[in-house]
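Asks: Input: one structure, supplied below.
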Ligand SMILES: C[S@@+](CC[C@H](N)C(=O)[O-])C[C@H]1O[C@@H](n2cnc3c(N)ncnc32)[C@H](O)[C@@H]1O
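Numbering (my numbering), first residue to last: 2 to 419.
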């Protein structure tokens, strides 16, 4: 591998590419793009430093930045590929057109937290590495259909949990590592502190129709995450069991429940193997809010949910709508990133922050389930489907394509056969 120092032209090229890539973000922050790009102060604040530039023989250039937590703007992966003519802001994976194992140095770029208009971001000591061309997909398409899965290392401290497969083992580690940043986000929203008093903060009215009368009933929440729903149900008087694969997620939730004075039973378990829970234990099983995309086998997942339900009990699945999961990241147009019927697994190498998918060392796997997959998995779980609803059409701040007008949530309610 040959390396050389970045030239002024490289830096200029990267600076301009960066400006183009940042355009939608900066425009949103400061008004018109024309003003921004001519803004001398802004250009002077744009310093590039200490990033390793990777240049392949086709003159593709990629470089990586991760955000400094606490700052306003976040830039994840910028990969400039001339044959595609546009710089791409990707996330979640290193560009696959670099040979596996090639050195890619990630670095932090800092953006002023005083306002979204300022940033410092530098490239004064860059080196260029020449690589042979490899025609693997680019960052946005770097989701691999047949990922090179490493066998999970044995970790004696963690062996008390039975993890059903290697995808879930990777995801469990990923969520353990991401739990602190997830907790900080939930703290910022503050919903977990109040959802036991006002369940509508955590549950949509479409869901509450099925949950208003849970007082005194036993309810399991699968993939409980931030536990906002768990606390809402506890506030409604239910005896709640909160189940999650991540020990750290459970630890955070346990301490929050203690702070709120709520009685919750916490169980660390993989949703596709709930063998620590007996058959026909619960009146209601609630699951959703972006759990299914982490799960490799929807039928086993809902099959286990059906098994732990009492006859006549309700299985409530309220998931992020699959129609929202197929788009490329873009501020202004909808363009398919992946085929609706491609279930994955999609492999990412992620940094701890779950939501922003900055590139990093944590392996994670996501899956895509179609509407029909959800329905058939519920029907196979021993439940009759008694209700289906799609709700919500607004776009949340973390969603990265203009999906307003598409359904946000898919609610399916099954009743356990008697
Ligand atoms: C995005 S959160 C969804 C829950 C909640 N809506 C939230 O926003 O926190 C995903 C949660 O599912 C958990 N999870 C992922 N895979 C799981 C599995 N196989 N079994 C149990 N929990 C799982 C993760 O640990 C995480 O807490």
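Yeah, the Cβ is synthetic: ideal placement off N, Cα and C, and Gly gets one too.
How is residue 169 classed by DSSP in three states: helix, strand or coil?
Replies: On the chain shown, residue 169 is found 168 positions in, with the first residue counted as 1. Residue state, collapsed to three classes: helix.
Asks: Restricting to runs no shorter than 4 residues, where is the alpha helix (DSSP H) found entirely within the region 213-262?
Replies: 229-236, 248-261, all fully within the region 213-262.
Asks: Report the CB separation of residue 367 from residue 353 in whole angstroms; it is logged as a contact under 8 angstroms.
Replies: Here residue 367 refers to the residue found at position 366 when the chain shown is read from its first residue. Here residue 353 refers to the residue found at position 352 when the chain shown is read from its first residue. That pair is no contact at about 16 angstroms.
Asks: Is the separation between the beta-carbon of residue 283 and that of residue 221 shorter than 8 angstroms?
Replies: On the chain shown, position 282 is the one that residue 283 refers to. On the chain shown, position 220 is the one that residue 221 refers to. Yes, they are a contact pair.
Asks: Per DSSP, which one or two residues make a beta bridge with residue 319?
Replies: In the chain shown, the residue the question calls residue 319 occupies position 318. Answer is 289, 412, bridged to residue 319.
Asks: According to DSSP, is residue 404 part of a helix, a strand, or is it coil?
Replies: Taking the chain shown and counting its residues from 1, the one referred to as residue 404 is at position 403. Coil, per DSSP.
Asks: How close, in whole Å, do the beta carbons of residue 299 and residue 378 come, if the pair is a contact with beta carbons under 8 angstroms?
Replies: For the purposes of this step, residue 299 is identified with residue 298 of the chain shown, where counting begins at 1. For the purposes of this step, residue 378 is identified with residue 377 of the chain shown, where counting begins at 1. At roughly 4 angstroms, the Cβ-Cβ gap stays under 8 angstroms, so residue 299 and residue 378 are in contact.
Asks: Can you tell me the Cα-Cα spacing of residue 412 and residue 385, whole angstroms?
Replies: In the chain shown, residue 412 corresponds to position 411, counting from 1. In the chain shown, residue 385 corresponds to position 384, counting from 1. So the two alpha carbons sit approximately 14 angstroms from each other.
Asks: Return helix, strand or coil for residue 133, following the three-state DSSP convention.
Replies: For the purposes of this step, residue 133 is taken as the residue at position 132 of the chain shown. With a pLDDT of 28 at residue 133, under the threshold of 50, the predicted position of this residue should be treated as unreliable, and no value is reported.
Asks: So, is residue 246 buried or exposed, given that buried needs 16 or more other C-beta atoms within 10 angstroms?
Replies: The residue labelled residue 246 in the question sits at position 245 within the chain shown. Buried, by the Cβ-count rule.
Asks: So the beta strand (DSSP E) residue 391 belongs to, where does it begin and stop?
Replies: Here the question's residue 391 lines up with position 390 in the chain shown. Segment 384-392, the beta strand (DSSP E) holding residue 391.
Asks: Could you check whether residue 370 and residue 293 sit closer than 8 angstroms to each other, using their CB atoms as the reference points?
Replies: For the purposes of this step, residue 293 is identified with residue 292 of the chain shown, where counting begins at 1. For the purposes of this step, residue 370 is identified with residue 369 of the chain shown, where counting begins at 1. In this structure, residue 370 lies closer than 8 angstroms to residue 293 by Cβ.
Asks: Examine ligand 1 and report whether any of its heavy atoms sits within less than 7 angstroms of the Cβ of residue 253.
Replies: The count along the chain shown starts at 1 and reaches residue 253 at position 252. Residue 253 Cβ: outside cutoff for every heavy atom of ligand 1.
Asks: For the alpha helix (DSSP H) that residue 207 lies in, which residues bound it at each end?
Replies: Numbered from 1 along the chain shown, position 206 holds the residue referred to as residue 207. Where residue 207 is concerned, the enclosing alpha helix (DSSP H) stretches over 206-209.
Asks: Can you tell me whether DSSP reads residue 347 as helix, strand or coil?
Replies: Against the chain shown, residue 347 aligns to sequence position 346. It is a strand residue.
Asks: Counting pairs of beta carbons, one from the region 172-189 and one from the region 228-247, are three or more of them closer than 8 angstroms?
Replies: Touching, per the Cβ criterion.
Asks: Specify, as a first and last residue, the run of the alpha helix (DSSP H) that residue 305 falls within.
Replies: Position 304 of the chain shown, counted from the start, is the residue given in the question as residue 305. Segment 299-309, the alpha helix (DSSP H) holding residue 305.
Asks: Is residue 200 helix, strand or coil when you go by DSSP?
Replies: Within the chain shown, residue 200 is the residue found at index 199, counting from 1. Here residue 200 sits in helix by DSSP.
Asks: Three-state secondary structure (DSSP) at residue 294?
Replies: For this step, residue 294 is matched to residue 293 along the chain shown. Helix.
Asks: Among 197, 372, 314, which residue has its Cα nearest to the Cα of residue 261?
Replies: As a position in the chain shown, residue 261 is number 260, starting the count at 1. Closest by alpha carbon: 197.
Asks: Judging by CA-CA distance, which residue of 388, 396, 392 is the nearest neighbour of residue 414?
Replies: One-based indexing of the chain shown puts residue 414 at position 413. For the residues 388, 396, 392, the minimum Cα distance to residue 414 belongs to 388.
Asks: Return the chain-ordered list of same chain residues with a C-beta closer than 6 angstroms to the C-beta of residue 207, the five sequence neighbours on each side being excluded.
Replies: Indexing the chain shown from 1 puts residue 207 at position 206. Result list for residue 207: 390, 392, 412, in chain order.
Asks: For residue 186, count neighbouring Cβ atoms within 10 angstroms of its own Cβ and tell me buried if that reaches 16, exposed if not.
Replies: Start at 1 with the first residue of the chain shown, and residue 186 comes out as number 185. Answer is exposed; the Cβ neighbour count stays below 16.
Asks: Go ahead and label residue 397 buried or exposed: buried means 16 or more other beta carbons lie within 10 angstroms of its beta carbon, across all protein chains shown.
Replies: Stepping through the chain shown from its first residue, residue 397 is reached at position 396. Exposed, because fewer than 16 other Cβ atoms sit within 10 Å of the Cβ of residue 397.
Asks: Is residue 368 helix, strand or coil by DSSP?
Replies: Counting from one through the chain shown, the residue named residue 368 turns up at place 367. In this structure, residue 368 counts as coil in the three-state DSSP scheme.
Asks: According to DSSP, which residues form a beta bridge with residue 266?
Replies: Within the chain shown, residue 266 is the residue found at index 265, counting from 1. For residue 266, which the question treats as bridged, DSSP gives the partners 242.
Asks: Going by the beta-carbon positions, is the gap between residue 332 and residue 419 smaller than 8 angstroms?
Replies: By one-based count along the chain shown, residue 332 stands at place 331. By one-based count along the chain shown, residue 419 stands at place 418. No, the pair does not count as a contact, with Cβ atoms beyond the cut-off.
Asks: Taking the C-alpha atoms as reference points, what is the distance between residue 85 and residue 401?
Replies: Sequence index remark: in the chain shown, residue 85 carries index 84 (1-based). Sequence index remark: in the chain shown, residue 401 carries index 400 (1-based). At residue 85, the pLDDT of 28 sits below 50, so the modelled position is not reliable; the number obtained from the coordinates is stated separately. The alpha-carbon atoms of residue 85 and residue 401 are separated by roughly 20 angstroms.
Asks: Following a CB-centred definition, is residue 227 positioned closer than 7 angstroms to any heavy atom of ligand 1?
Replies: In the chain shown, the residue the question calls residue 227 occupies position 226. Residue 227 Cβ: within cutoff of ligand 1.
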